[in-house]
Structure formats: C-alpha cells, structure tokens
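**Student:**
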Amino acid sequence: MASKKDLTKYLVDLTKEELEKEVEKLYVKFKEVKTYYDIELSGDTSSIVNEIKEKIKKEYNLDKGYAKGRAAVVKKIIDDFAKISVFPIDLIDIILYRVEWSMKFIKGKLEDWDYEMVTQATYTSVENAFERALKLIDKHQFHSDFQPRCNEILAYTGKLDWGFSSNMNYLYNNYYLKQGSE
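Written as structure tokens, this is what we have:
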C-alpha cells in the first residue's frame with residue numbers, strides 16, 4: 000500500500016504537463032473529484048446543496064408518502080458531501096437542514112401515535128447532528144450567521160420530548176455561551 004510520502008515523491012517527479020494530465024484523469028474517472036473541482040472552480044454550490052437537501056427531505060418528509068426516517072442513510076449522504084465540500088458554510092447548512100427535517104419527522108410520528116418510529120436512538124442521532132453543526136459553527140466562527148436558525152431549532156424542540164429539548168438547549172448553550180464569554 001502506497002503512503003502519502005510515496006504519492007508526494009511520485010507527484011514531484013512529474014512534469015507540469017504530466018501533473019495536469021494526472022489531475023484531468025482523476026477528474027474524468029472519479030465523480031467525487033469532478034464534483035469537488037466543479038464546486039471549487041465555479042464557487043456555485045447551490046445545485047449540489049439543493050440536490051443533497053432533496054435527498055434528506057425525501058427521507059423525512061411525511062407529506063410525500065411513507066418517509067423512512069433512516070438516520071444512517073441521511074448520515075451517509077451528509078458524510079459523502081463532507082468529503083467533497085469546499086465551503087464549511089454549506090456543510091453546516093446541510094447538517095442543520097437534516098436536524099430540521101428530522102424534528103418534523105419526529106413530530107409527525109408522535110402526532111400519528113407511531114411511537115415505535117421515535118426511539119431514543121432517533122433523538123440521539125438528531126442531537127449528534129446538531130452538535131456536529133455547532134462544532135463546525137464554532138470552529139469557523141459562524142455564530143452570528145447561524146444563531147437565528149439554531150434558535151428556531153431550539154424553539155421547535157419544545158413541540159417534542161422535553162428531555163430532547165433539554166439536551167438540545169444544553170448543546171447550544173455549550174457552544175454559544177462559550178463563544179459569547181470570550
């Protein structure tokens with residue numbers, strides 16, 4: 000198995016033209032590389048972000064038939080996007096979108112008395128996603144950009160389980176109060 004050191008040595012030995020051809024070959028062969036460079040070069044992420052959001056919405060939207068609400072499927076969608084994401088703000092947006100739709104899914108299931116679909120694991124996966132977004136917000140100092148949206152998420156948790164609401168508020172306060180005291 001080649002190491003990063005081996006790759007570096009290989010790349011250093013290439014001429015500029017050979018290196019260009021190598022990158023072009025990767026661009027053509029691997030969809031993720033093509034998507035990454037499409038985003039990097041155009042700076043326009045709207046189409047890929049909207050495509051990811053549609054996949055998330057489809058998994059959780061109870062208005063469009065039977066939504067499965069599979070957290071693992073949505074996590075994979077987001078993790079795959081994270082690999083090619085150029086701008087952290089897009090990843091945060093998508094993770095918060097997942098949190099919002101997850102909560103709508105939970106609320107819909109509770110209103111339908113479908114408690115077997117709303118397990119502790121369901122709540123925990125939403126909490127983990129929210130914490131992931133908060134960590135990214137904190138890391139990239141996007142507090143003011145996302146504070147209103149995070150506050151809306153917290154307000155919505157009041158329509159759900161009180162323990163869940165308490166946990167979400169705890170996570171939020173851990174990142175936003177820390178930021179405000181610096």
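In numbering that gives the first Met the number 0, the protein residues as written are 0 to 181. Glycine included, each C-beta is placed from N, C-alpha and C at the ideal position.
Measure from the alpha carbon of Ile38 to the alpha carbon of each residue in Phe86, Asp62 and Ser2, then state which is nearest.
**Tutor:** For Ile38, the nearest C-alpha among the options comes from Phe86.
**Student:** When we look at the beta-carbon of Ser180 and count the other beta-carbons within 10 Å, is it buried (16 or more) or exposed?
**Tutor:** Any reading at Ser180 must be qualified, since the residue scores a pLDDT of 48, below 50, and its modelled position is unreliable; no value is offered.
**Student:** Do you know offhand how far Lys28's Cα is from Lys20's?
**Tutor:** So the two alpha carbons sit approximately 12 angstroms from each other.
**Student:** Compare the Cα-Cα distances from Tyr65 to each of Lys30, Asp113 and Gly42 and report the closest residue.
**Tutor:** Nearest C-alpha to Tyr65: Asp113.
**Student:** Please report the straight-line C-alpha distance between Ala128 and Lys75, rounded to a whole angstrom.
**Tutor:** Straight-line Cα distance between these residues: approximately 12 angstroms.
**Student:** Is the Cβ-Cβ distance between Lys103 and Tyr59 less than 9 angstroms?
**Tutor:** Going by C-beta atoms, Lys103 is nearer than 9 angstroms to Tyr59.
**Student:** Between Phe80, Val32, Glu99 and Ile47, which has its C-alpha nearest Ser124's C-alpha?
**Tutor:** Ranking Phe80, Val32, Glu99 and Ile47 by Cα distance to Ser124 puts Glu99 first.
**Student:** Leaving out the 5 sequence neighbours to the left and right, which residues in its chain are closer than 7 angstroms to Tyr36 when beta-carbon positions are compared?
**Tutor:** For Tyr36, where only same-chain residues beyond five positions count, the Cβ hits under 7 angstroms are Tyr26.
**Student:** Quick check: the Cα distance between Lys24 and Asp92, rounded to an integer number of angstroms?
**Tutor:** The straight-line gap from Cα to Cα measures roughly 31 angstroms.
**Student:** Identify whether Tyr65 lies in helix, strand or coil by the three-state DSSP scheme.
**Tutor:** Residue state, collapsed to three classes: coil.
**Student:** Identify, in the order they occur along the chain, each residue of the same chain with its Cβ nearer than 7 angstroms to the Cβ of Lys52, setting aside the five sequence neighbours on each side.
**Tutor:** If we look at Lys52 and ignore the five residues flanking it on each side, its Cβ neighbours are Ile93 and Tyr96.
**Student:** If we ignore side chains and look at the alpha-carbon of each, how far apart do Asp43 and Thr34 end up?
**Tutor:** Cα-Cα distance, rounded: 11 angstroms.
**Student:** Among residues of its own chain, excluding the 5 on either side of Asp137, which ones have a beta-carbon nearer than 6 angstroms to its beta-carbon?
**Tutor:** Correct list, in chain order: Tyr174.
**Student:** In the DSSP assignment, find the alpha helix (DSSP H) that holds Trp100 and state where it starts and stops.
**Tutor:** Segment Pro87 to Glu110, the alpha helix (DSSP H) holding Trp100.
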